[in-house]
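Q: Position in the sequence shown (first residue = 1) + 3 = the working numbering.
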Amino acid sequence: MGERMPWVEAAAHQVAVWVEIGGVLMLVLTAVVASVLMLRDWRAAGFTQAYQGYRRNLGRGILLGLEFLVIADIIGTVAVEPSFHNLGVLGLIVLIRTFLSFSLEVEIEGRFPWQGTHPRHEAKQDQI
């Protein structure tokens with residue numbers, strides 16, 4: 004491969020930083036919005052339903068924020084020298100975040116992805 008261009012590396016690093024900031028902002032924004040929605044739902048439907056919706060909304064926000072952070076990690080690894088060490092660290096980070104995403108998805112949906120949709124869950128989704 005040819006010599007790396009410093010401006011491409013700097014641009015990729017800046018993109019990674021901005022995507023990472025976007026991921027953090029996504030986490031904060033979804034936490035605030037989920038909290039406001041919970042307070043609204045608490046008044047209308049009671050605590051139990053509001054709490055369940057709050058957990059679902061928070062989980063979805065965390066999943067979205069994690070996706071942004073994984074993207075930032077991938078771009079950041081490309082921006083620096085792509086050594087086996089850096090790729091190994093990236094692989095570990097992606098593995099951990101993928102496990103977190105999978106765990107959150109199971110928590111939100113109440114089932115494993117390969118189990119298909121639950122009829123009761125489909126009825127709830129139609130109401131949202």
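Even for Gly, the Cβ is constructed at its ideal location relative to N, Cα and C.
With C-beta atoms as the reference, is residue 29 less than 7 Å away from residue 67?
A: yes
Q: Just the C-alpha distance for residue 117 and residue 103, rounded to the nearest angstrom, thanks.
A: 17 Å
Q: Between residue 69 and residue 100, which are expected to be in contact by the criterion C-beta below 8 Å, what is the C-beta distance as a whole number of angstroms?
A: Contact between residue 69 and residue 100 holds: CB atoms are separated by about 5 Å, below the 8 Å threshold.
Q: Could you tell me the distance, in whole angstroms, from the CA atom of residue 90 to the CA atom of residue 13?
A: 19 Å
Q: Using the Cα positions of residue 129 and residue 21, report the straight-line distance between them to the nearest angstrom.
A: Bear in mind that a pLDDT of 44 at residue 129, under 50, signals an unreliable position, so the model cannot answer this.
Q: Pick out whichever of 26, 27, 18 and 54 has its Cα sitting closest to the Cα of residue 39.
A: 54
Q: Within the same chain, show all residues whose beta-carbon is closer than 7 Å to that of residue 81, passing over the 5 residues directly before and after it, in chain order.
A: Taken in chain order, the residues that qualify are 15.
Q: Say the cut is 6 Å; is the CB of residue 23 nearer than that to a heavy atom of the ligand SAH?
A: Only the bare structure without any ligand can be found here, which leaves the ligand SAH out of the picture.
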